[in-house]
Amino acid sequence: MLDSKLLRSDLDEVAAQLAKRGFTLDTATINALEDERKELQVRTQELQSQRNTRSKSIGQAKARGEDIQPLLAEVGQLGAKLDLAKEELATLLAKIDAIVSAIPNLPHESVPHGLSEDDNVEVRRWGTPKEFDFDVKDHVDLATALGKGLDFESGAKLSGTRFVVMRGQIARLNRAVGQFMLDLHTEQHGYQEMNVPLLVNHDSLFGTGQLPKFGEDLFHTDLGNKKFSLIPTAEVPLTNLVRDEIIEEAELPIKMTALSCCFRSEAGSSGRDIRGLIRQHQFDKVELVQIVKPEDSFAALEGLTKCAEKVLELLELPYRTVNLCTGDIGFSATKTFDIEVWLPAQGTYREISSCSNMGDFQARRMQARYRTGENKTELLHTLNGSGLAVGRTLVAILENYQQADGSIAVPEVLKPYMGGITQIG
RNA sequence: GGUGAGAUGGCUGAGUGGUCGAAAGCACCGGUCUUGAAAACCGGCAUGGGUUUGUAGCCCAUCUAGAGUUCAAAUCUCUAUCUCACCGCCA
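First residue of the first sequence: 507, per my numbering; consecutive thereafter.
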């Protein structure tokens with residue numbers, strides 16, 4: 507959510523910033539509604555003020571034992587006028603709120619301009635893709651051959667397309683990857699391990715920006731009067747921990763990590779990445795979240811991104827890091843780095859982590875604040891990133907560590923998590 | 001699932017229709033005192049919004065949330081949510 511003061515004072519500048527990310531702001535409509543709002547709100551508050559003072563005088567007159575009938579008659583018509591004004595105002599505010607809630611965050615000045623992913627800027631590259639002296643297989647063929655380690659047919663039978671059953675050492679490898687990441691971030695990077703609900707309420711989804719605009723990307727439950735949604739990422743519960751809170755400055759920064767299942771409807775991507783583990787309805791992910799003071803957030807983004815990259819470096823998987831352009835960053839983000847891992851079967855780098863600084867955009871929606879040294883409350887900044895997506899890491903390991911006979915070498919750092927075995931198959 | 005009790009400012013907690021945005025205590029901030037600190041004393045201290053050149057003033061809203069009664073609601077009514085206790089069921 508953008509600052510409503512900014513929208514009032516500098517609407518044209520906001521529109522110009524948003525245009526950079528391909529979002530057209532209807533300034534004429536907003537201005538018209540805003541004028542109406544100003545007039546109506548002032549009038550409503552004026553009526554309320556009148557009612558308050560008269561009610562007060564009735565109380566005082568009664569206390570003095572005077573006849574209050576004339577006063578009652580006078581205040582009578584006020585009520586009807588006030589009710590009408592309040593109703594009109596509520597309708598108008600709801601209309602404005604619907605528009606403002608759907609406006610994305612402003613891109614930071616360090617974000618490259620561009621309208622599509624072609625304009626993203628690579629900022630660094632690590633590792634060298636391995637040369638294979640045999641025909642590489644993709645992760646589906648590799649894992650299927652290993653005792654149906656990845657079983658998409660069973661996934662389809664149990665649930666449907668975009669679901670998978672993992673079996674044996676592949677299932678264990680998936681668990682090992684998650685454990686390894688979690689241990690790294692808690693033991694080396696100073697994040698606190700968290701375990702959070704996978705079903706959350708609508709307030710939480712609004713807070714991080716999934717609602718109202720992106721409801722169709724989520725799975726929803728509806729049990730009587732309880733409406734929950736499955737989390738698309740642990741960013742939602744972790745970040746919402748500070749919703750409606752005032753944090754003491756000394757407690758900042760807050761750094762949290764969680765390994766969780768994530769659920770996505772993939773409504774807009776039918777036909778994309780149909781094969782394999784890349785785009786599933788359900789997958790594991792280790793999430794990194796930081797809650798920081800405003801002046802620290804861009805440095806924190808660099809640090810958080812580094813933590814995610816470290817996972818790939820320890821796994822010895824080549825990657826590149828990309829500064830997303832204005833047209834490619836997400837709704838709530840002011841700046842985003844994507845980390846892409848090398849996949850030999852596709853001969854390309856594929857996204858495995860997305861690290862974003864949300865600025866105060868989520869904090870304003872959540873009313874997440876901190877108390878400054880001067881005893882004032884100020885909005886926090888929130889950041890999050892995958893550290894990493896477990897399923898996609900599994901894909902990268904299978905494909906990068908495959909050997910000529912179809913077996914998979916176990917990455918050095920994962921051996922303790924795999925009971926000491928050195929290869930699968 | 002059943003029964004009962006609750007939900008008030010950063011925390012504890014008073015307040016059952018009329019200057020209540022809310023007593024008091026704690027915490028916090030400033031000051032006096034002190035070589036310094038503590039104690040004591042004095043003062044300050046909620047949030048969101050509107051208006052405005054204004055972090056001035058004025059105004060509005062907020063005592064879990066929503067709806068209602070009333071000229072007037074923290075206070076009365078209804079609904080929801082959450083918390084606690086006991087019972088039942090259960091991984």
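No residue lacks a Cβ here, since even glycine has one placed at the ideal position from N, Cα and C. This one's a predicted model, so the numbers in the text were calculated from it and none came from an experiment.
Check                                                                                                                                                                             : Outcome
Quick one: what's got a C-beta closer than 6 Å to V828's C-beta in the same chain, skipping five residues either side?                                                            : N626, E628 and D844
If we count Cβ pairs, one from each stretch, closer than 8 Å, do we get three or more for the region 577-595 versus the region 541-553?                                           : yes
With DSSP collapsed to three states, give me the class of I760.                                                                                                                   : strand
By how many angstroms is the C-alpha of S555 removed from the C-alpha of A569?                                                                                                    : 21 Å
When the distance is taken between beta carbons, is S515 closer than 8 Å to V606?                                                                                                 : no
Per DSSP, what kind of secondary structure is C767 in: helix, strand or coil?                                                                                                     : strand
For Q675, does the count of other Cβ atoms within 10 angstroms reach 16, so buried, or fall short, so exposed?                                                                    : buried
Using CA coordinates, which residue listed in G528, D790, H619 and L517 is at the minimum distance from T535?                                                                     : L517
Answer with buried or exposed for H887, where buried requires no fewer than 16 other C-beta atoms within 10 angstroms of its C-beta.                                              : buried
Identify every run of the alpha helix (DSSP H) within the region 733-812, keeping only runs that are complete inside it and at least 4 residues long; order them along the chain. : 741-746
At 3 residues or longer, what runs of the beta strand (DSSP E) sit wholly inside the region 806-865?                                                                              : 825-829, 841-849 and 854-863
Could you name each continuous beta strand (DSSP E) segment of 3 residues or more that falls completely within the region 658-707, going from the start of the chain to the end?  : 698-700
Are the CB atoms of V896 and V646 within a distance shorter than 8 Å?                                                                                                             : no
Assuming P635 and P917 form a contact by the criterion Cβ under 8 Å, report the distance between their Cβ atoms to the nearest whole angstrom.                                    : P635 to P917, Cβ: 16 Å. No contact.
Where DSSP assigns a beta bridge to L729, which residues make up the other side?                                                                                                  : K732
In whole angstroms, give me the CA-to-CA distance for G782 and F658.                                                                                                              : 8 Å
Among the residues of its own chain, which have a CB less than 7 Å from the CB of S860, if the five just before and after it don't count?                                         : T842, D844, G891 and S892
Verify whether the separation of the beta carbon atoms of R749 and G713 is less than 8 Å.                                                                                         : yes
Whose C-alpha, out of A579, K882, E542 and R543, is nearest the C-alpha of R560?                                                                                                  : A579
Would you report the Cα separation of E693 and G774, rounded to the nearest angstrom?                                                                                             : 38 Å
Provide the residue(s) that pair with N890 in DSSP beta bridges, ordered along the chain.                                                                                         : V795 and S862
Do you know whose CA, among H695, E572, E857 and H726, lies nearest V934's CA?                                                                                                    : Since the first residue of the chain shown is 507 and the last is 931, residue 934 is not available in this structure.
Comparing C-alpha positions only, which one of D779, Q583 and A806 sits nearest to R856?                                                                                          : D779
So, helix, strand or coil for E628, using DSSP?                                                                                                                                   : strand
Grouping DSSP H, G and I as helix and E and B as strand, with all else coil, what is E623?                                                                                        : helix
E884 bridges to which residues according to DSSP?                                                                                                                                 : Y876
Measuring CB to CB, does G931 end up less than 8 Å from S913?                                                                                                                     : yes
Just the Cα atoms here: how many angstroms apart are S838 and K799?                                                                                                               : 18 Å
Do you know how far the Cα of H695 is from the Cα of E801?                                                                                                                        : 21 Å
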